[in-house]
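Mind the numbering: the sequence shown is residues 1 to 335 in full-length UniProt numbering, read in order. Written out below as C-alpha cells is the structure these notes cover.
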Amino acid sequence: YKIITDIKNREVNVPKKINKIISIGHGVTRLLVYIDDGGDVLNKIVGIDQKDQKTKSPRLSYAFTHKELSDIEAVGMGKPFMLDLEKVLRLKPDVIIASLDIKDKDIEILEKHFNIPVVIIDDGYLSNNGSDKVIKKEFYKSLFILGDLLNKRNKSKKISNYTDAILDDIARRTHDKYGNDNIYIGGLGFRGPQGIFSSRVHNITLDYLHLKNILSEDSFKFDKVMLDKEKLLTLNPDYIFIDMSGKGIFINEYNKNKSYFHMLSAFNQRHVFYLMPQEAYGYNVESVLMNLYFVGNIFYPEQFADVDLNRKYNEISNMFLNSKPILYPDSFFNS
1 YKIITDIKNR EVNVPKKINK IISIGHGVTR LLVYIDDGGD VLNKIVGIDQ KDQKTKSPRL
61 SYAFTHKELS DIEAVGMGKP FMLDLEKVLR LKPDVIIASL DIKDKDIEIL EKHFNIPVVI
121 IDDGYLSNNG SDKVIKKEFY KSLFILGDLL NKRNKSKKIS NYTDAILDDI ARRTHDKYGN
181 DNIYIGGLGF RGPQGIFSSR VHNITLDYLH LKNILSEDSF KFDKVMLDKE KLLTLNPDYI
241 FIDMSGKGIF INEYNKNKSY FHMLSAFNQR HVFYLMPQEA YGYNVESVLM NLYFVGNIFY
301 PEQFADVDLN RKYNEISNMF LNSKPILYPD SFFNS
C-alpha cells in the first residue's frame, strides 16, 4: 500500500498496484483521459458517471474521442452526486476517484464499511477572473494526484508543462495588445446545450487575449446571462462567436429568423465565428487552448502570423486526448 494525499488534503491508503478504478463526478473521467498513455489508464476503469457515456456528443470531447467509454458500466452521476452502491460492490474497485461533489457520508460508507479507498480530485479550470490569468491550481494538483496514484507522473508533468508553455506563448504574443472591438460569445452551455442568447460576463478566451466582452459586470448581476432578442440587438456587438456546443440550437434559431440576425452588424460584416466547445461537465482544457490561437489570430494577425493553426490544433488535441481534434473552429460563413 501507499499513501495518496487528495485535493481535500485527506491521506488515503491505496494499493500500490491499481487494476480496477471507478471514476465518478464532475470532470474526473476527463482528467483520466488526459493522463492516459496508450489506453493503460482507461483500460482499468470499470465504472463511470452516466454523463461520461455520452460518446456521441462533441461537447464532451474526451468521451467523443474515446468511444470505449460507452461500454463501461454507469454507476451513478456527479451532479447531484449519486452512487449505485450495489453496482460498486459488485465491480469491486481497488479505488474510487471522485469529484468534490461527493458527500462525506458516502465517503464514510465506502471507506469504513466497505473498505474501498476514495481519492477526491477537482478538475479545476483556467481562471477567468479579470486580471487573475493563471491556471487554477486545483487542475494541476489533481493531475499530479492522479499521476502519483496511477504511476503517471511523467504524463501529468508533461500536460502541466505544455499548458504553461501555451499560456506563456499567448502572453508573449499579446502582452501589449488590447482590442477595441465589442465581442459577444453565445451558445455557452448551461445545464445542457444553449443557443446564441446564452453567454457569460467573464470569458477565459477574451480575458487572456485582452479583448472586450460586450457584457460587463456593471450591467449584469450574475456571470451566466440569458439575453432576449431585443437586448442582443441593442448591444449589437462588432463580433459574435458561437460555442459549438450550441451550434445545432443556433442553426435552428438562425434558419427560423434570418432577417433578425441580419439586423446585427456582425452578421452583415461576416464577423461571426464558431469556437470549440469549451465547457460541458467541466472545462475542455484543450478546447480553451485551441480557441486562444483561433481568436488571437483574428484580432492580432501579425502576432500570430507564424502559427500554422491546424497544426497547432492537432498538437494540442494529441497532447490531451491522444487524438486529432473532433472539430475545428471556423467562420460561420464557411459552414
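All C-beta atoms in this analysis are idealised placements derived from N, C-alpha and C, irrespective of residue type, glycine included.
With a cut-off of 8 Å on the beta carbons, I'd call residue i and residue j a contact; round off their distance for me.
i: I96; j: I24; result: 7 Å
i: F299; j: L235; result: Not a contact, Cβ separation roughly 19 Å.
i: Y162; j: L292; result: The pair is not a contact, with the Cβ atoms about 13 Å apart (cut-off 8 Å).
i: E68; j: L42; result: 7 Å
i: F197; j: M226; result: 6 Å
i: L143; j: I159; result: 6 Å
i: V119; j: V33; result: Not confirmed; about 17 Å, so no contact.
i: D243; j: P277; result: 6 Å
i: E286; j: L321; result: 6 Å
i: S70; j: F64; result: Between F64 and S70 the Cβ distance is about 10 Å, and since that is not below 8 Å, they are no contact.
i: I121; j: D6; result: 7 Å
i: V307; j: N314; result: Between N314 and V307 the Cβ distance is about 12 Å, and since that is not below 8 Å, they are no contact.
i: Y1; j: K17; result: The pair is not a contact, with the Cβ atoms about 10 Å apart (cut-off 8 Å).
Can you tell which of the options has the C-alpha that lies nearest to the C-alpha of residue i?
i: A266; options: L167, I183, N13, K157; result: I183
i: G76; options: H66, L149, Y313, T29; result: T29
i: K87; options: I72, S99, D101; result: I72
i: R191; options: L85, R59, L215, G179; result: R59
i: G47; options: I159, K324, A74; result: A74
i: N318; options: P117, L264, I249, K155; result: K155
i: D228; options: N252, G195, K112, I120; result: G195
i: H262; options: E286, R200, F333; result: F333
i: residue 342; options: E11, D181, K258, D40; result: Given that the chain is displayed from residue 1 to residue 335, the structure contains no residue 342 and the question cannot be resolved.
i: P325; options: K105, K177, K92, S61; result: S61
i: L150; options: N252, G124, D169, I45; result: I45
i: F241; options: K256, N310, S259, L264; result: L264
i: D164; options: G187, Y140, G27, I185; result: Y140
i: D238; options: N115, R311, D176, N180; result: N180
i: N213; options: M82, I185, G189, G124; result: I185
i: R10; options: K56, T55, I145; result: I145
i: P301; options: P193, R270, I316, K177; result: K177
i: N19; options: L85, M82, P93, K8; result: P93
i: T174; options: Q303, N310, S335; result: Q303
i: L91; options: Q53, I116, R311; result: I116
i: residue 366; options: R311, D6, V295, L321; result: For residue 366 there is no data in the structure shown, the boundaries of the chain being 1 and 335.
i: L188; options: I7, K256, Y281; result: Y281
i: D168; options: L289, N252, S323, S331; result: L289
From the DSSP output, which residues share a beta bridge with residue i?
i: D71; result: Note: D71 sits in no beta bridge, so no partner.
i: Y184; result: I240
i: G47; result: I22, E73
i: N213; result: I183
i: N284; result: None; N284 has no bridge partner.
i: residue 355; result: The question about residue 355 has no answer here: the residues shown for the chain are numbered 1 through 335.
i: residue 342; result: Missing from the structure shown is residue 342; the chain here goes from 1 to 335 and no further.
i: V201; result: DSSP lists no partner for V201.
i: I97; result: S23, V119
i: V14; result: K2
i: S331; result: F273
i: M226; result: S198
Within the 8 Å Cβ cut-off, does residue i reach chain D?
i: N13; result: Note that chain D does not occur in the displayed structure, where there is just one protein chain.
Sorry if obvious, but does the Cβ on residue i come closer than 7 Å to a heavy atom of the ligand MN?
i: A165; result: Ligands in the displayed structure: none, and consequently the ligand MN is not present.
Go ahead and label residue i buried or exposed: buried means 16 or more other beta carbons lie within 10 angstroms of its beta carbon, across all protein chains shown.
i: P329; result: buried
i: S99; result: buried
i: D132; result: Model confidence at D132 stands at a pLDDT of 43, short of 50, so the residue's coordinates are unreliable; what they give is reported in the following sentence. D132 comes out exposed.
i: I3; result: exposed
i: N128; result: Only weak support is given to the placement of N128: the predicted model assigns it a pLDDT of 46, under 50, and the question is left unresolved by the model.
i: F250; result: buried
i: R172; result: exposed
i: H66; result: buried
i: D37; result: exposed
i: R200; result: buried
i: I203; result: For clarity, residue 203 is Asn in the given sequence; the question names Ile instead. So N203 ends up on the buried side.
i: Y283; result: buried
i: G27; result: buried
i: H113; result: exposed
i: A305; result: exposed
i: K103; result: exposed
i: L233; result: exposed
i: G130; result: With a pLDDT of 44 at G130, under the threshold of 50, the modelled position of that residue is not reliable, and the figure given next carries that caveat. Label assigned to G130: exposed.
i: S259; result: exposed
i: D52; result: buried
i: V12; result: buried
i: L275; result: buried
i: E230; result: exposed
i: G147; result: buried
i: E108; result: exposed
i: G248; result: exposed
i: I152; result: Sequence inspection shows Lys at residue 152; the Ile mentioned does not correspond to that position. Answer is buried; the Cβ neighbour count reaches 16.
Counting only runs of 4+ residues fully inside the stretch 247 to 306, write out the alpha helix (DSSP H) ranges in chain order.
List check, alpha helix (DSSP H) in window: 247 to 256, 258 to 261, 265 to 268, 285 to 299.
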